[in-house]
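> Numbering (full-length UniProt numbering), first residue to last: 1 to 419.
All C-beta atoms, glycine included, are put in the ideal place defined by N, C-alpha and C.
My structure is below; once you've seen it, I'll send some questions.
Now the structure itself:
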């Protein structure tokens, strides 16, 4: 696969999950490769190292918050289990948690660099853009510029959070790009958005004892199971999280000190409401980071939202250039992959196999751990009979799927069964 015409067989732009995985796999086949990763600071000045969104400001960082929140809630239940009276929320140390998260991230990012070195993949800590079909320009932090060539170029630049187009944004708000590096506790917090990111953030901040409000333009978790969404909203309200429904922000004004006054309007009102918060977190969606790549100069086709148009094999409109991950238009992620699988199963269902498993929804503790195991049932075209034959492990939450009597289409509530 080696070529003498180019510096590398492959060059990856982006050091997140997709980029790192590709580089590590490709080198197993003897390819000579390199990877470039550079993070422009957020409007609040936060940036990070190798590892992409997942490690630095996404799932991994967020997992620490979830674990801390769960441990805190368990701690608060100790008194009912015979332990002394404690108030974990009043004892939570935000700075200590952030320090723990950042130490883990930095250690893992360093390990990624070592792995690349051991696999003989060249790492460039520089911003990469494409100036010709097989040529990449690298811009370093000190202003130096280097140019390299590659037979194949893989774009894996991912996405970053969107900002509101109103007065006070982005200068007086933060996003997930900033939250996990905030040294000071958020205190009274407004979260803008109705996505799972917004609700997850609201959940763990509330568990730490902070005053949390969620501003929603319409309904929460649009596109998700609305029965589950309703249960989540009720649960959150019972735990003190406030929802400001059917509202949009008009402007954000910095007060004396660090308070931010939010002016917002409800759909049925003609006047503006106002309220002050210590922290405003935006969770209103993400956008592909392709604007600085010079893709128009090589006539690579993209959508208006910046996402790259790809074929089934991840190839783009330019020969030798591929794209993977969140920067790709209509690339199946978790939710859409499930929908694609369901569409295939619906064909079997219409052909007569009305016992086929076409969906599984779970709301409860450790949902990811529970659902992961059942994913195999979809892959193997599992049926309701297969579930009924399985032995339920008692007492567990997961056993409720074994011998279940209610189906989603019945319109009835899924109730807990007896032993």
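Count the other CB atoms, across all protein chains shown, that sit within 10 Å of the CB of residue 335; report buried if there are 16 or more and exposed otherwise.
Counted from its first residue, the chain shown places residue 335 at position 335. Because residue 335 sits at a pLDDT of 44, beneath the cut-off of 50, its placement in the model cannot be relied upon, and the point is left open.
> Can you give, in chain order, each stretch of the alpha helix (DSSP H) that sits fully within the stretch 61 to 139 and has at least 4 residues?
Within the stretch 61 to 139, the complete alpha helix (DSSP H) runs of at least 4 residues are 88 to 91, 94 to 118.
> Exposed or buried, which one is residue 289 when buried takes at least 16 other CB atoms within 10 Å?
The residue given as residue 289 occupies position 289 in the chain shown. Burial call: buried.
> For a test of the three-state rule: what should DSSP assign to residue 337, helix, strand or coil?
Within the chain shown, residue 337 is the residue found at index 337, counting from 1. Residue placement at residue 337 is poorly supported in this model, since its pLDDT is 45, which falls under 50; the coordinates still yield a value, given next. Residue 337: helix per DSSP, three-state reduction.
> Classify residue 238: buried if its beta carbon has 16 or more other beta carbons within 10 angstroms, exposed otherwise.
Taking the chain shown and counting its residues from 1, the one referred to as residue 238 is at position 238. Result: exposed.
> In terms of alpha-carbon separation, which member of 151, 142, 123, 49 lies closest to residue 105?
Residue numbering aside, residue 105 sits at position 105 when the chain shown is read from its first letter. The shortest Cα separation from residue 105 among 151, 142, 123, 49 belongs to 49.
> Could you spell out where the beta strand (DSSP E) holding residue 205 opens and where it closes?
The residue labelled residue 205 in the question sits at position 205 within the chain shown. Segment 196 to 207 is the alpha helix (DSSP H) holding residue 205; no beta strand (DSSP E) there.
> Let me know if residue 81 comes out buried or exposed under the rule of 16 or more other beta-carbons within 10 Å of its beta-carbon.
Against the chain shown, residue 81 aligns to sequence position 81. Label assigned to residue 81: exposed.
> Leaving out the 5 sequence neighbours to the left and right, which residues in its chain are closer than 6 Å to residue 398 when beta-carbon positions are compared?
Taking the chain shown and counting its residues from 1, one reaches residue 398 at position 398. 370, listed in sequence order.
> Would you mind giving the Cβ-Cβ distance between residue 283 and residue 192, rounded to the nearest angstrom? I have them listed as a contact below 8 Å.
Here residue 283 is taken as the residue at index 283 of the chain shown, counted from 1. Here residue 192 is taken as the residue at index 192 of the chain shown, counted from 1. Indeed they touch by this definition, with Cβ atoms about 7 Å apart.
> Start and end of the beta strand (DSSP E) containing residue 156?
For the purposes of this step, residue 156 is identified with residue 156 of the chain shown, where counting begins at 1. First-last for residue 156: undefined, no H or E at that position.
> Could you check the C-alpha separation between residue 350 and residue 356 for me, to the nearest Å?
Against the chain shown, residue 350 aligns to sequence position 350. Against the chain shown, residue 356 aligns to sequence position 356. Summary for residue 350: the model assigns pLDDT 46, below 50, so the residue's position carries little reliability, and this model does not support an answer.
> Would you report the Cα separation of residue 292 and residue 16, rounded to the nearest angstrom?
Taking the first residue of the chain shown as position 1, residue 292 is located at position 292. Taking the first residue of the chain shown as position 1, residue 16 is located at position 16. When rounded, the distance between both Cα atoms is 17 Å.
> Sort 248, 67, 406, 287 by Cα distance to residue 272 and report the nearest one.
Numbered from 1 along the chain shown, position 272 holds the residue referred to as residue 272. Ranking the options by Cα distance to residue 272, first place goes to 248.
> Going by the CB atoms, is the gap between residue 166 and residue 327 shorter than 8 Å?
Residue 327 sits at position 327 when you count from the first residue of the chain shown. Residue 166 sits at position 166 when you count from the first residue of the chain shown. Contact flag unset, no.
> Measure from the alpha carbon of residue 216 to the alpha carbon of each residue in 194, 38, 229, 198, then state which is nearest.
One-based indexing of the chain shown puts residue 216 at position 216. Per the Cα distances, 194.
> Please state whether the Cβ-Cβ distance between residue 138 and residue 126 is less than 8 Å.
The residue given as residue 138 occupies position 138 in the chain shown. The residue given as residue 126 occupies position 126 in the chain shown. Closer than 8 Å, so yes.
> At a cut of 8 Å, does the stretch 61 to 71 reach the stretch 198 to 207 through at least three beta carbon pairs?
They touch, by the three-pair rule.
> Throw me the rounded Cβ distance for the residue 278 and residue 175 pair, which I believe falls under 8 Å.
Locating residue 278 in the chain shown gives position 278, counting from the first residue. Locating residue 175 in the chain shown gives position 175, counting from the first residue. Actually they do not touch by this definition, with Cβ atoms about 16 Å apart.
> DSSP three-state label for residue 49, please.
Working through the chain shown from its first residue, we reach residue 49 at position 49. Three-state DSSP puts residue 49 in coil, outside helix and strand.
> Using 10 angstroms around the beta-carbon of residue 83, count the other beta-carbons present and answer buried if the total reaches 16, otherwise exposed.
Here residue 83 corresponds to residue number 83 of the chain shown, with the count starting at 1. Exposed, since its Cβ has fewer than 16 Cβ neighbours within 10 Å.
> Residues in the same chain with beta-carbon distance under 6 Å from residue 23, minus the five sequence neighbours each way, listed in chain order, please.
If you number the chain shown from 1, residue 23 lands on position 23. Taken in chain order, the residues that qualify are 12, 33, 35, 121.
> On a CA-only basis, which of 185, 281, 250, 45 is nearest residue 162? Give me that one, please.
Within the chain shown, residue 162 is the residue found at index 162, counting from 1. Closest by alpha carbon: 281.
> In whole angstroms, give me the CA-to-CA distance for residue 294 and residue 42.
Looking up residue 294 in the chain shown gives position 294. Looking up residue 42 in the chain shown gives position 42. Each residue's alpha carbon lies about 21 Å from the other.
> Report the residue from 96, 78, 132, 94 whose alpha carbon sits nearest the alpha carbon of residue 318.
Here residue 318 corresponds to residue number 318 of the chain shown, with the count starting at 1. Here the closest residue by C-alpha is 132.
> Who pairs with residue 33 in a beta bridge, going by DSSP?
Position 33 of the chain shown holds residue 33. Answer is 10, bridged to residue 33.
> Report buried or exposed for residue 29, applying the criterion of at least 16 other Cβ atoms within 10 angstroms of its Cβ.
Stepping through the chain shown from its first residue, residue 29 is reached at position 29. Residue 29 should be labelled exposed.
> For residue 136, collect the residues of the same chain with a Cβ closer than 8 Å to its Cβ; drop the 5 residues on either side in sequence, then sort them by chain order.
In the chain shown, counting from the first residue as 1, residue 136 sits at position 136. Taken in chain order, the residues that qualify are 11, 13, 36, 128, 129, 130, 147, 148, 149, 150, 153.
> From which residue to which residue does the alpha helix (DSSP H) around residue 234 run?
For this step, residue 234 is matched to residue 234 along the chain shown. Per DSSP, residue 234 belongs to the alpha helix (DSSP H) from 226 to 238.
> Which of the three DSSP states, helix, strand or coil, is assigned to residue 184?
Within the chain shown, residue 184 is the residue found at index 184, counting from 1. In the structure shown, residue 184 sits in coil (DSSP, three-state: anything other than H, G, I, E or B).
> Within 10 Å of its beta-carbon, does residue 222 have 16 or more other beta-carbons around it, so buried, or fewer, so exposed?
For the purposes of this step, residue 222 is taken as the residue at position 222 of the chain shown. Exposed: under 16 other Cβ atoms inside 10 Å.
> Let me know the secondary structure DSSP gives residue 276 once reduced to three states.
Within the chain shown, residue 276 is the residue found at index 276, counting from 1. Residue state, collapsed to three classes: strand.
> Is the beta carbon of residue 187 less than 8 Å from the beta carbon of residue 210?
Residue 187 sits at position 187 when you count from the first residue of the chain shown. Residue 210 sits at position 210 when you count from the first residue of the chain shown. Contact flag set, yes.
> Can you find the residues in the same chain that come closer than 6 Å, C-beta to C-beta, to residue 26, ignoring five residues on each side of it along the sequence?
Locating residue 26 in the chain shown gives position 26, counting from the first residue. So the list reads 10, 33, once near-sequence residues are dropped.
> Would you kindly check if the distance between the Cβ of residue 236 and the Cβ of residue 250 is under 8 Å?
Indexing the chain shown from 1 puts residue 250 at position 250. Indexing the chain shown from 1 puts residue 236 at position 236. Result no, Cβ atoms of residue 250 and residue 236 do not sit closer than 8 Å.
> At the level of alpha carbons, what is the spacing between residue 180 and residue 102?
Numbered from its first residue, the chain shown carries residue 180 at position 180. Numbered from its first residue, the chain shown carries residue 102 at position 102. Computed Cα separation, rounded: 8 Å.
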